[in-house]
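The sequence shown stops at residue 495 when you use numbering that gives the first Met the number 0, and every number in between is there.
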Amino acid sequence: MAKKKKFFVSTALDYVNASPHLGHALEKAQADVIARYHRFLGDEVFFLSGTDDNSLKNVRVAKREGVAVKKLVDRNSRKFYQLKDALNLSFDDFIRTTEERHIKGAQKLWLACEKDIYKKKYKGLYCVGCEQFYKEKELENGLCPEHKTRPELVEEENYFFHLARYQKKLKKIIETNKIKIIPQSRKNETLSFINQGLEDICISRSAERAQGWGIDVPGDASQKIWVWFDALSNYINALGYAEKSLNFQEWWTENKDKLHIVGKGILRFHAIYWPAFLLSAKLPLPKTIFVHGYITSGGQKMSKSLGNVIDPFELVEKYGTDAARYFLLQEISPTEDGDYTQEKFEERYNADLANGLGNLVARVIALRVKLKIHPVKCRSAAISSKTKLFNRAKIKKEINKTQREYRKALDDFKFNEALKEIWKLISFCDKYIEEERPWEIENTKHKTKNKKVIEDLLFALSVIAQMLKPFLPETSEKIIQQLKTRRKGEILFPRI
Ligand SMILES: [Zn+2]
């Protein structure tokens, strides 16, 4: 038997200074669709998620709350892990940067990069929110462009990484798509940053400034590893880099298909710093970096002070897992910023899920029960020469076209386009019912024809269920169950 193709996909590690919001849910849902889609294609998938526990922000929040840092990160990391159930995520591993396997791996990577590491005195402006130094010219009115806060002046002797050495190599890697950055606009942004000239970066901080929190620099306990150098190495640490395990070899060294899914705010770390560290350590590079935008709430950035933070757990509680997934993948653009409002959410829910999909399934199943048609087998959604179709040419053409466009969209990470294709097929089925009117029973001849029309629709529904699988796994399963049994099924999405 041929060996299965391997596919590795990761989400970024979330900071655990607060609970997850809807923006975190977006990235997880996107990664989950890609993971499920690749499993559906028959690939062997490794889907990785996790949390960044070592950020300085955690230390500060813990202090403010009067709890131990470890307690705070344990509590919040658990909440991120709970997104697995809430959003029905299928990740295979969840790594935390306070775990032994990660600490060992981060230190090993440091040692592997040692020829590019040196010590020097430095003075710079540091944003703790971003965990990075900023140049004066990168600030907006003296404020961090991401957090709108004033960065802190830091003066220390730290370790530096010789990033400038990798400028030419990195430029070529990005230009030639050796690492493919999606969308193109983010590739351009990366190249323009490289073209401005790469400077060496600070990759440690004093244990004092880190307030004792973080991973020790190997051989120098007075310094902690910069949280990004530490965090980025999670992608290989989860695979067993520290022990040089077989898993690491199979999933990172030999496997060509490795994808990182990240938000636009941390593009530079993934598209420039991470590849530079890997080059320095003589380790293989990822193949693709997919970059998504942010979710605003009512047109504004989600913030505690504005009181507009959307809690994904509450959303799921109220509308259900698949409804939340649908909104994130359909309404929110895959690569641009998107906006959440309750009105928009409910509009989508009623129009597409309750009326569109839910209504079609209920209608077809009801007619099947009425006309006493045998439950269908839906092992495969591909049309074979044995598939019995009444309006064969018409149905086949429509389904083939949908499947083709759906795959094309998903291969390009256009989640919303892929869903649009499914919904076009739903509309086609609605129209087909209206045209053929299979409920009009006048004589036996009519009855036979009606049965065949319903069989066509049942087949189309089985195709729809298959294509929904990566997006709405639970709903897909419910449809498949309804197709298999003789009874009328439950309503998929009750109107709100
Ligand atoms: Zn910042």
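Even for Gly, the Cβ is constructed at its ideal location relative to N, Cα and C.
Residue range of the unbroken beta strand (DSSP E) whose run includes residue i
| i | result |
| --- | --- |
| Lys177 | Here Lys177 belongs to no beta strand (DSSP E), and DSSP marks it neither H nor E. |
| Val290 | 287–291 |
| Arg95 | 92–95 |
| Ile116 | 116–126 |
| Ile102 | Note, Ile102: premise wrong, no beta strand (DSSP E); alpha helix (DSSP H) at 99–111. |
| Ser296 | 294–296 |
| Tyr339 | 337–339 |
| Phe312 | Unbroken run through Phe312 is the alpha helix (DSSP H), 311–318; no beta strand (DSSP E). |
| Phe132 | 131–133 |
8 Å contact criterion, which residue i and residue j should meet: CB distance rounded
| i | j | result |
| --- | --- | --- |
| Leu231 | Thr96 | Actually they do not touch by this definition, with Cβ atoms about 10 Å apart. |
| Trp212 | Val68 | 6 Å |
| Lys286 | Lys179 | 7 Å |
| Phe228 | Phe276 | 7 Å |
| Ile200 | Tyr117 | With a Cβ gap of about 12 Å, Ile200 and Tyr117 do not count as contacting. |
| Leu460 | Leu482 | 6 Å |
| Leu162 | Leu197 | 5 Å |
| Asp240 | Gly104 | It is Tyr, not Asp, that sits at residue 240 in the sequence shown. So it is a contact: roughly 5 Å between Cβ atoms. |
| Asn415 | Ser332 | 7 Å |
| Val363 | Leu456 | 5 Å |
Residue i, enclosing alpha helix (DSSP H) - first and last residue
| i | result |
| --- | --- |
| Lys483 | 472–483 |
| Lys263 | Here Lys263 belongs to no alpha helix (DSSP H), and DSSP marks it neither H nor E. |
| Lys70 | 68–80 |
| Phe525 | Here the chain has residues from 0 to 495 only, and residue 525 is not among them. |
| Val363 | 358–369 |
| Glu151 | No alpha helix (DSSP H) contains Glu151, which is instead part of the beta strand (DSSP E) from 151–160. |
| Gln402 | 391–410 |
| Phe276 | 273–279 |
Cβ neighbour criterion (16 or more within 10 Å) applied to residue i
| i | result |
| --- | --- |
| Ile495 | exposed |
| Asn176 | exposed |
| Ala350 | exposed |
| Pro150 | buried |
| Asn75 | buried |
| His144 | Correcting the residue identity first, residue 144 is Pro in this sequence and not His. With fewer than 16 other Cβ atoms within 10 Å, it is exposed. |
| Glu174 | exposed |
| Pro19 | buried |
| Asn157 | buried |
| Ala220 | exposed |
| Asp310 | exposed |
| Gln106 | buried |
| Gly539 | The requested residue 539 does not occur in the structure, where the chain is confined to residues 0 to 495. |
| Leu88 | buried |
| Glu330 | buried |
| Asn16 | buried |
| Leu328 | buried |
| Leu352 | buried |
| Arg77 | exposed |
| Arg403 | exposed |
| Ile440 | exposed |
| Asp31 | buried |
| Ser384 | Here the model assigns Ser384 a pLDDT of 49, short of 50, so the residue's position is not dependable, and the following value carries that caveat. The residue in question, Ser384, is exposed, as its Cβ has fewer than 16 Cβ neighbours within 10 Å. |
| Asn506 | Not covered by the structure: residue 506. The range shown for the chain is 0 to 495. |
| Ala392 | exposed |
Beta-carbon proximity of residue i to residue j, cut-off 9 Å
| i | j | result |
| --- | --- | --- |
| Glu64 | Lys3 | no |
| Arg59 | Val153 | no |
| Val72 | Ala61 | yes |
| Leu258 | Phe470 | no |
| Glu435 | Val452 | yes |
| Ile193 | Gln166 | yes |
| Leu418 | Ala237 | no |
| Leu409 | Tyr36 | yes |
| Phe458 | Ile394 | yes |
| Ile479 | Leu491 | no |
| His291 | Gln465 | no |
| Ile421 | Thr401 | yes |
| Arg267 | Leu55 | no |
| Leu366 | Lys446 | no |
| Tyr318 | Ser9 | no |
| Asp338 | Gly297 | yes |
| Phe159 | Lys122 | no |
| Arg496 | Thr334 | The displayed coordinates of the chain run from 0 to 495. Any statement about residue 496 would go beyond what the structure contains. |
| Ile294 | Ile181 | no |
| Thr252 | Pro217 | no |
Contact with chain D by residue i, beta-carbon distance below 9 Å
| i | result |
| --- | --- |
| Ala85 | No chain D appears in the structure shown, which is made up of a single protein chain. |
Every unbroken alpha helix (DSSP H) within the stretch 412–465, with a cutoff of 4 residues, ordered by chain: 414–435
For the stretch 1–59, list the beta strand (DSSP E) runs that are entirely contained and at least 3 residues long, ordered along the chain. 5–10, 43–51
Quick one: complete alpha helix (DSSP H) runs, 4+ long, within the stretch 178–217? 183–194
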